[in-house]
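Asker: Reminder that position 131 of the sequence shown reads as 130 in numbering that gives the first Met the number 0, one-by-one numbering, no gaps.
Note that beta-carbon positions come from the ideal geometry of N, C-alpha and C, so glycine has one too.
The structure under discussion is supplied below as structure tokens; questions concerning it will follow.
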Amino acid sequence: MAELLQIDRLALLTSDDRKKSKVMLLFPPEWVPTAPYLALPSLTAVLREAGHTVIQRDINIGMWDHFFSMDFLIWVKARLGMQLKALQEKEKAGLLAERDVDQKAVVEQANGVDVFDLADRAEDAKRIVRGERFYHAELLEGALNTFRETMAYISAAYYPASLVFYPMESNLGYRPGVSKEVFACLEDEQVNVYRDLCNQLVLPEVAKERPDVIGISIGTQMQLLAGLTFAKMIKETFSHIHVVVGGNIITRLQEDLVNHTRFFSEVFDSAIIYEGEHALIWLIEALNGQRPLASVPNLIYR
Numbered sequence: 000m001a002e003l004l005q006i007d008r009l010a011l012l013t014s015d016d017r018k019k020s021k022v023m024l025l026f027p028p029e030w031v032p033t034a035p036y037l038a039l040p041s042l043t044a045v046l047r048e049a050g051h052t053v054i055q056r057d058i059n060i061g062m063w064d065h066f067f068s069m070d071f072l073i074w075v076k077a078r079l080g081m082q083l084k085a086l087q088e089k090e091k092a093g094l095l096a097e098r099d100v101d102q103k104a105v106v107e108q109a110n111g112v113d114v115f116d117l118a119d120r121a122e123d124a125k126r127i128v129r130g131e132r133f134y135h136a137e138l139l140e141g142a143l144n145t146f147r148e149t150m151a152y153i154s155a156a157y158y159p160a161s162l163v164f165y166p167m168e169s170n171l172g173y174r175p176g177v178s179k180e181v182f183a184c185l186e187d188e189q190v191n192v193y194r195d196l197c198n199q200l201v202l203p204e205v206a207k208e209r210p211d212v213i214g215i216s217i218g219t220q221m222q223l224l225a226g227l228t229f230a231k232m233i234k235e236t237f238s239h240i241h242v243v244v245g246g247n248i249i250t251r252l253q254e255d256l257v258n259h260t261r262f263f264s265e266v267f268d269s270a271i272i273y274e275g276e277h278a279l280i281w282l283i284e285a286l287n288g289q290r291p292l293a294s295v296p297n298l299i300y301r
């Protein structure tokens, strides 16, 4: 299943012979917002040259923009309110566990924050880092501190998750290298902020664009839980779309993927390891019935 195929063993289809597909490429969080990742633009260029329609979405930068917006922070305020009400009801019933006590303290503190003031400052902080004020050290430092303050506020709504702006050290409380914990995290609506992010940013885009194939580039371990969360939720909502994952961390985890076929039945349809330019084009050809799936190089599938 994990056999690698040599590219020169396969004949290329010409552009005229190749059936055309619509492909959506996603770059998930968390990645440094100041350093664009160029894997997707490279794939986009190759796919478009082959005649395919490509929609490229940087969900990472979209996440930061969304997090530091009035709309999302008001939504977080509502989530905190619902959590506080549920915890207060448990307390009245005498059912508050030790973890609940800790969460209640965190939620109460966050619920007292003036969300409109925080959102105004977060929106202005975005304008600072995007404009000439970026070059004023004191203003930049203030903007970065506002981002950190905002992430602490958001974290309270996903207790006990720790969501941070920079460096990339967010922690959902699950170990990305342990498959059992990965599967548990993908379903955890309390700590997995990426589920809400997928509902708010990803699924509407998929519904709008209606792609035939969705590729998710997972380059680092910090992107693994977000990328797999997106993949699973897309697969559950749009079962007819082929979801393929790739990237450096997928290549590193290839043996784990082979030994846990549950990934292929519940989370995604296939995985591309190592370089993906040729493999992705040939995967699309295979999905269009123009070559055997087994002939696609660097592809793992069930």
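Which full runs of the beta strand (DSSP E) of 3+ residues lie inside the stretch 4–80, going along the chain?
Answerer: Entirely contained in the stretch 4–80, the beta strand (DSSP E) runs reaching 3 residues are, in chain order, 21–26, 52–57.
Asker: Would you kindly check if the distance between the Cβ of A278 and the Cβ of N297 is under 8 angstroms?
Answerer: Numbered from its first residue, the sequence shown carries residue 297 at position 298. Numbered from its first residue, the sequence shown carries residue 278 at position 279. Against a cut-off of 8 angstroms, the Cβ pair of A278 and N297 comes out as a contact.
Asker: In chain order, what residues of the same chain lie with their CB nearer than 8 angstroms to the CB of Y300, ignoring the 5 residues before and after it?
Answerer: If you number the sequence shown from 1, residue 300 lands on position 301. Excluding sequence neighbours, Y300 sits near M0, F263, D268, S269, A270, L292.
Asker: Quick check: the Cα distance between E168 and L223, rounded to an integer number of angstroms?
Answerer: Counting from 1 along the sequence shown, the entry for residue 168 is found at position 169. Counting from 1 along the sequence shown, the entry for residue 223 is found at position 224. Near 13 angstroms, if we compare the C-alpha coordinates of L223 and E168.
Asker: In or out: F164 buried (at least 16 other Cβ within 10 Å) or exposed?
Answerer: Residue mapping note: residue 164 aligns to position 165 of the sequence shown, counting from 1. Buried, since its Cβ has 16 or more Cβ neighbours within 10 Å.
Asker: Taking all protein chains shown into account, decide if S41 is buried (16 or more other Cβ within 10 angstroms of its Cβ) or exposed.
Answerer: Here residue 41 refers to the residue found at position 42 of the sequence shown. Exposed, because fewer than 16 other Cβ atoms sit within 10 Å of the Cβ of S41.
Asker: CB F237 to CB Y193, shorter than 8 angstroms?
Answerer: For the purposes of this step, residue 237 is taken as the residue at position 238 of the sequence shown. For the purposes of this step, residue 193 is taken as the residue at position 194 of the sequence shown. Going by C-beta atoms, F237 is not nearer than 8 angstroms to Y193.
Asker: Looking at the unbroken alpha helix (DSSP H) that takes in Y152, where does it start and where does it end?
Answerer: Position 153 of the sequence shown, counted from the start, is the residue given in the question as residue 152. Y152 -> alpha helix (DSSP H) spans 136–155.
Asker: Suppose the cutoff is 6 angstroms on Cβ atoms and the five residues either side in sequence are ignored; what does the same chain contact list for R120 look like?
Answerer: Stepping through the sequence shown from its first residue, residue 120 is reached at position 121. Closer than 6 angstroms at the Cβ level, and outside the excluded window around R120, lie T145.
Asker: What number of angstroms, rounded off, separates the C-alpha of V243 from the C-alpha of K21?
Answerer: For the purposes of this step, residue 243 is taken as residue 244 along the sequence shown, with counting starting at 1. For the purposes of this step, residue 21 is taken as residue 22 along the sequence shown, with counting starting at 1. When rounded, the distance between both Cα atoms is 14 angstroms.
Asker: Measuring alpha carbon to alpha carbon, tell me which of C197, N258, K231, Q189 ends up nearest A85.
Answerer: Taking the first residue of the sequence shown as position 1, residue 85 is located at position 86. Ranking C197, N258, K231, Q189 by Cα distance to A85 puts Q189 first.
Asker: Of the choices Y36, L72, R17, K76, whose alpha-carbon is the least far from that of R47?
Answerer: The residue labelled residue 47 in the question sits at position 48 within the sequence shown. Per the Cα distances, R17.
Asker: Is it the case that the Cβ atoms of L72 and V105 are separated by a distance below 8 angstroms?
Answerer: The residue labelled residue 72 in the question sits at position 73 within the sequence shown. The residue labelled residue 105 in the question sits at position 106 within the sequence shown. Not a contact, by the Cβ cut-off of 8 angstroms.
Asker: Would you give the residue range spanned by the beta strand (DSSP E) that S294 belongs to?
Answerer: Counted from its first residue, the sequence shown places residue 294 at position 295. It is not in any beta strand (DSSP E) - S294 carries neither H nor E in the DSSP assignment.
Asker: Helix, strand or coil for W281 per DSSP?
Answerer: On the sequence shown, position 282 is the one that residue 281 refers to. In the structure shown, W281 sits in a helix (DSSP, three-state: H, G or I).
Asker: In whole angstroms, give me the CA-to-CA distance for L75 and E107.
Answerer: Counting from 1 along the sequence shown, the entry for residue 75 is found at position 76. Counting from 1 along the sequence shown, the entry for residue 107 is found at position 108. Correcting the residue identity first, residue 75 is Val in this sequence and not Leu. Each residue's Cα considered, the two are about 13 angstroms apart.
Asker: Taking the straight line between their C-alpha atoms, what separation do you get for G141 and A124?
Answerer: As a first step, residue 141 must be located in the sequence shown, where it is residue number 142. As a first step, residue 124 must be located in the sequence shown, where it is residue number 125. When rounded, the distance between both Cα atoms is 8 angstroms.
Asker: Measure from the alpha carbon of A206 to the alpha carbon of each residue in N247, T219, T52, I233, then state which is nearest.
Answerer: Reading the sequence shown from its first residue, position 207 is the one you call residue 206. The residue with the shortest Cα to Cα distance from A206 is I233.
Asker: Taking the alpha carbon of K103 as the reference point, which residue from A118, Q87, W30, E122 has its own alpha carbon closest?
Answerer: Here residue 103 corresponds to residue number 104 of the sequence shown, with the count starting at 1. Nearest C-alpha to K103: Q87.
Asker: Reducing DSSP to helix, strand and coil, say where L298 ends up.
Answerer: Your numbering for residue 298 matches position 299 in the sequence shown. Of the three classes helix, strand and coil, the one that applies to L298 here is strand, per DSSP.
Asker: What number of angstroms, rounded off, separates the C-alpha of L25 from the C-alpha of R174?
Answerer: Taking the sequence shown and counting its residues from 1, the one referred to as residue 25 is at position 26. Taking the sequence shown and counting its residues from 1, the one referred to as residue 174 is at position 175. Cα to Cα, L25 sits roughly 23 angstroms from R174.
Asker: From the DSSP output, in three-state form, read off V181 for me.
Answerer: Within the sequence shown, numbered from 1, the residue matching residue 181 stands at position 182. Helix.
Asker: Please report the residue range of the beta strand (DSSP E) in which G214 lies.
Answerer: In the sequence shown, counting from the first residue as 1, residue 214 sits at position 215. Note, G214: beta strand (DSSP E), 212–216.
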